[in-house]
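Everything below concerns the one structure shown next.
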């Protein structure tokens, strides 16, 4: 679930609508002459975000798995918005340090839920994730949690649709 400890609000299209509205208010107050232009841009952005939210809602509504197993707990808001459950290694920090007891509890939870995959941040296949994959046969799926475009070809929407594609495969959505 999303919390003060989860700064990844941009992974929620629904929350991004609020971010867009706040940006609009700030820009309009700072530059009243541009308010109409900002309003038009806001309306277009809200339409795009609503469409993206709808794509996520539809795609994630009928999945075999309802669990997002992660080492890095970045998907709390996304899980909350679409009726999923994020489970993570509670003690894992950005370096993957975790106690044996926490690791055992995490693996037991995955077994109990019959989950055979793990979501990892793109480009961050940590030793811990690799160990879990090798030792327990978990398939690793990479998800972009930074939403940083590379090479000028991507934007927020293409990155999020890429994430949705990964989630659909991992969660075995129909």
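In our numbering, the protein residues as written are 510 to 683.
Don't be surprised by glycine CBs; every beta carbon is placed ideally from N, CA and C.
Margin query: Just to confirm my understanding: we take residue 591, look at its own chain, exclude 5 residues before and 5 after, and list those with CB closer than 7 Å. What are they?
Written below: Within the chain shown, the letter at position 82 stands for residue 591. Counting only Cβ-Cβ distances below 7 Å, and skipping sequence neighbours, we find 565, 566, 569.
Next item on the list: Look at residue 561 and residue 669 and say whether their C-beta atoms are less than 8 Å apart.
Entry: As a working mapping, residue 561 is identified with position 52 in the chain shown. As a working mapping, residue 669 is identified with position 160 in the chain shown. In contact: residue 561 and residue 669 (Cβ atoms closer than 8 Å).
Checklist line | Environment of residue 521 [buried if 16+ CB atoms lie within 10 Å] | finding: Residue numbering aside, residue 521 sits at position 12 when the chain shown is read from its first letter. Label assigned to residue 521: buried.
Notebook entry, point to check: Got a sec, what are the start and stop residues for the alpha helix (DSSP H) residue 667 sits in?
Noted result: Taking the chain shown and counting its residues from 1, one reaches residue 667 at position 158. From DSSP, the alpha helix (DSSP H) with residue 667 extends over 665-680.
Notebook entry, point to check: Between residue 691 and residue 661, what straight-line distance do the alpha-carbon atoms span, to the nearest angstrom?
Noted result: In the structure displayed, the chain extends from 510 to 683; residue 691 sits before or after that span and is not available.
Checklist line | Outcome for residue 586 when other beta-carbon atoms lying within 10 angstroms are tallied against a minimum of 16 | finding: The count along the chain shown starts at 1 and reaches residue 586 at position 77. By the neighbour-count rule (16 or more Cβ atoms within 10 Å), residue 586 is buried.
Notebook entry, point to check: What residue does the beta strand (DSSP E) around residue 651 start on, and which one ends it?
Noted result: Your numbering for residue 651 matches position 142 in the chain shown. DSSP places residue 651 in the uninterrupted beta strand (DSSP E) bounded by 648-652.
Margin query: Checking 8 Å against the spacing of the C-beta atoms, do residue 572 and residue 680 come in under that value?
Written below: Translated into positions along the chain shown, residue 572 becomes position 63. Translated into positions along the chain shown, residue 680 becomes position 171. Against a cut-off of 8 Å, the Cβ pair of residue 680 and residue 572 comes out as a contact.
Item checked: Beta-carbon gap between residue 629 and residue 651 smaller than 8 Å -> In the chain shown, residue 629 corresponds to position 120, counting from 1. In the chain shown, residue 651 corresponds to position 142, counting from 1. For residue 629 and residue 651, yes; Cβs fall inside 8 Å.
Notebook entry, point to check: Which residues share a DSSP beta bridge with residue 626?
Noted result: The residue you call residue 626 lines up with position 117 of the chain shown. 648.
Item checked: Unbroken alpha helix (DSSP H) run spanning residue 695, endpoints -> The chain is shown only over 510 to 683; residue 695 falls outside these bounds and no answer can be derived.
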